[in-house]
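Step one of this worksheet: look at the structure below.
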Amino acid sequence: MSETRNSLCLPLLFILSFPALLYAQNDFNPYHYQVEKRALCTHGAVVSAHPLASRVGVDILKMGGNAFDAAIATQLALAVVYPGAGNIGGGGFMVARLANGKNLAVDFREKAPGHATRDMYLDSAGNAQAALSQNGALSSGVPGTVAGLFEAWKYARLPFKKLIQPAIDLAEKGFCISSAEASNLNEFQSTFRKYNTVMPVFVKEQPWKEGDTLVQKELAHTLRLIRDNGARGFYEGEIAGLIVAESKRSHGILTLEDLRTYKAIEREAVVFPYKRDYSIITMPLPASGGVLLPQMLKMIEDQPLKKYGFESVKAVHLMAEVERLAYADRAKYLGDKDFYHVPVKTLTSTPYIMARMKLYDPNRAGNSQDIQAGQIKPESEETTHFNVYDKYGNAVSITTTLNGEYGSATVVGGAGFLLNNEMDDFSVKPGVPNMYGAVGGEANAIAAGKRMLSSMTPTIVLKNGKPYLVVGTPGGTTITTSVFQTIVDILDFDLSPSDAVNMPKFHHQWLPDILFVEKDLPQATLEELEKMGYHVKKREHIGRTEVIRISEAGGIEAVGDKRGDDTALGY
Ligand code: DON
81 MSETRNSLCL
91 PLLFILSFPA
101 LLYAQNDFNP
111 YHYQVEKRAL
121 CTHGAVVSAH
131 PLASRVGVDI
141 LKMGGNAFDA
151 AIATQLALAV
161 VYPGAGNIGG
171 GGFMVARLAN
181 GKNLAVDFRE
191 KAPGHATRDM
201 YLDSAGNAQA
211 ALSQNGALSS
221 GVPGTVAGLF
231 EAWKYARLPF
241 KKLIQPAIDL
251 AEKGFCISSA
261 EASNLNEFQS
271 TFRKYNTVMP
281 VFVKEQPWKE
291 GDTLVQKELA
301 HTLRLIRDNG
311 ARGFYEGEIA
321 GLIVAESKRS
331 HGILTLEDLR
341 TYKAIEREAV
351 VFPYKRDYSI
361 ITMPLPASGG
371 VLLPQMLKMI
381 EDQPLKKYGF
391 ESVKAVHLMA
401 EVERLAYADR
411 AKYLGDKDFY
421 HVPVKTLTST
431 PYIMARMKLY
441 DPNRAGNSQD
451 IQAGQIKPES
461 EETTHFNVYD
471 KYGNAVSITT
481 TLNGEYGSAT
491 VVGGAGFLLN
501 NEMDDFSVKP
511 GVPNMYGAVG
521 GEANAIAAGK
531 RMLSSMTPTI
541 VLKNGKPYLV
551 VGTPGGTTIT
561 TSVFQTIVDI
571 LDFDLSPSDA
581 VNMPKFHHQW
591 LPDILFVEKD
601 LPQATLEELE
611 KMGYHVKKRE
621 HIGRTEVIRI
631 SEAGGIEAVG
641 DKRGDDTALG
651 Y
């Protein structure tokens, strides 16, 4: 095993200590672990938002599990050690490339409950009530994660009980929390108190601190029921009953029928060529990346980005304008295509994209009032991402979420897991921004059983037909632009995976008409962009991107983002 620590991102961000006697497994120690930013290896790798989850995944690979086994175990571990976003009460998307060349796209996005209605978050005067779509059980869609895990398991090799056991142990016996988790939990104390009738283990009299042990007995019980009864252990029986009881107590509308009928959906992956050697595989709707990523990449494919230079004014301007154009279409046209006709073919077609690029002025910032969505003729900040690559050649890319940090903030009493607040990803009223500032209309209006539009963009890039990059990130609406930039940084600017992950990102989403930039983008570039007419706004982190790159010779390089405790491990 050759693991390296990225000198850029200081190793040993934290080392937590506590008697490790409860866990005897090799070097797996939930009371003493460290962040590792970069792994160079030859057999397999996992990169996720938490060192313990990455460790669980790699141990499964070492046991002979494939990338699907490791992904399932990693997701379940994240549900325990990374409660703000890792989840069983939320949903997500999986994109995979099997060793036999098959592409896979699994949609385990939440759906609107059967009693959901278009105007359910409007008051009697017709005003949107963000408090209802963003907190408490009324903000929850029907969770999809557990169904998604069992859909993924069809491609796995090991018994499910082996994959879920590490998560059960972590919940039952506890693990030491990081300093980031401690401060997040402290920040949410009053929110948890407000949105729970049965106080969850996250609520504590004394402030949480780094190294405290978090034990989640009720969650362990829920996980055991899933271990023993499969997906039905979650969607039916005791846990389903507890979810519905919690929803009733917390003024939500989830029913037993909603849970019983939830299905993960295997969809056709979006696949398109980029430049001569590459193919991009990504998630279709209701993940917006399936439309926006091909749009943005096709818009820049023939432009001399390399000549312009990384972080140059010309390059940032071109990429920001491309983002603006794509997000204008997102707001008007994108939604769950099982409920609303989305002209995907036209939106991603070369003539349409060429016509859109006529709006691009290389010398001047665009203006979102002038730039609207294209004309279409009728045609026939908390989520988490992880990647796995295994020795058999399977690649898995999963983005999963509760939506906001700790989701609805409502923990299912007696079952110990957080419910999502994914309903806010619908357009609760045309033109009213959601918590990520995204606007929408008819295409993404609420309807019973419909899936809310997502920005999550788990992606795999093939080079000459073989997996080359596995990539994805959290970050609300910045997800698609971060995936776009990471791909361009590696394929066009020849950046290393570490630089592509860690160098500053920027983001334009049409509305608001602002170019968001991370603080370390060169000041000179920002000043020039302002002169061109951009409204530039510096912001904290954009995304937490994870990348695995596989060289043609078979070397694996996994990189975790410096912006969090993200950890890359391999063997
Ligand atoms: O599906 C979506 O687009 C959002 N629910 C994702 C939320 C997210 O990434 C928050 N993370 N920082």
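The numbering of the sequence shown is the numbering used here, which starts it at 81 and goes up by one.
Where a beta carbon is used, it is the ideal one built from N, C-alpha and C, also for glycine.
Per the C-alpha coordinates, the member of S219, R135 and N207 positioned closest to Y486 is S219.
Between T557 and V396, the CB-CB gap reaches or exceeds 8 Å. Out of P366, T490, I456 and M612, the CA that lies nearest to the CA of R531 is found in P366.
By the neighbour-count criterion, in which a residue is buried when 16 or more other Cβ atoms sit within 10 angstroms of its Cβ, Q603 is exposed.
Pairing M279 with F272, the inter-Cα distance amounts to about 8 Å. With respect to T490, G216 sits close: the two C-beta atoms are nearer than 8 Å. Here G171 carries a strand assignment [DSSP, helix/strand/coil]. Residue state for R347 is assigned as strand, using DSSP reduced to three classes. Secondary structure at Y388: helix, using DSSP grouped into helix, strand and coil. Within the same chain, and ignoring the five residues on either side of H123 in sequence, the residues whose Cβ sits closer than 6 Å to its Cβ are K471 and Y651.
In the DSSP assignment, N264 falls within the alpha helix (DSSP H) that extends over S259 to E267. By the CB criterion at 8 Å, V175 and T362 fall inside the cutoff. Going by DSSP, P131 is part of the alpha helix (DSSP H) stretching over P131 to K142. Distances taken from the Cβ of M536 to the heavy atoms of the ligand DON include one shorter than 7 Å. DSSP, read as helix, strand or coil, puts G370 in helix.
Taking 7 Å as the cut-off, the C-beta of T481 counts as close to a heavy atom of the ligand DON. Contact between the region 616-629 and the region 396-413 is absent, with fewer than three C-beta pairs closer than 8 Å.
Check the Cα spacing between N474 and each of I323, L549, P510 and G529: the tightest is with L549.
For V351, the closest alpha carbon among the candidates P538, F255 and P384 is that of P538.
Short note on T463: C-beta closer than 7 Å to some heavy atom of the ligand DON.
For A205, the closest of F282, E462, M399 and K509 by C-alpha to C-alpha distance is K509. In the three-state reduction of the DSSP assignment, F586 falls in the strand class.
Contact annotation: L303 and G493 have beta-carbon atoms that are not nearer than 8 Å.
Counted as a single uninterrupted DSSP element, the beta strand (DSSP E) harbouring T362 occupies residues Y358 to T362. Residue nearest to D450 within the set W590, G369 and I478 is W590 (criterion: CA-CA distance).
Rounded to the nearest angstrom, the gap between the Cα atoms of L158 and S631 is 28 Å. Exclusion of the five residues before and after A210 leaves no residue of its chain whose Cβ lies closer than 6 Å to its Cβ. Here DSSP, grouped into helix, strand and coil, assigns G634 to coil.
With a cut-off of 7 Å, the C-beta of D574 is classified as distant from the ligand DON, since no heavy atom of the ligand falls inside that distance. DSSP places L243 in the uninterrupted alpha helix (DSSP H) bounded by F240 to K253.
For D505, the number of other beta carbons within 10 angstroms of its own is at least 16, and it is reported as buried.
A residue is called buried when at least 16 other Cβ atoms come within 10 angstroms of its Cβ; A633 does not meet this threshold and is exposed.
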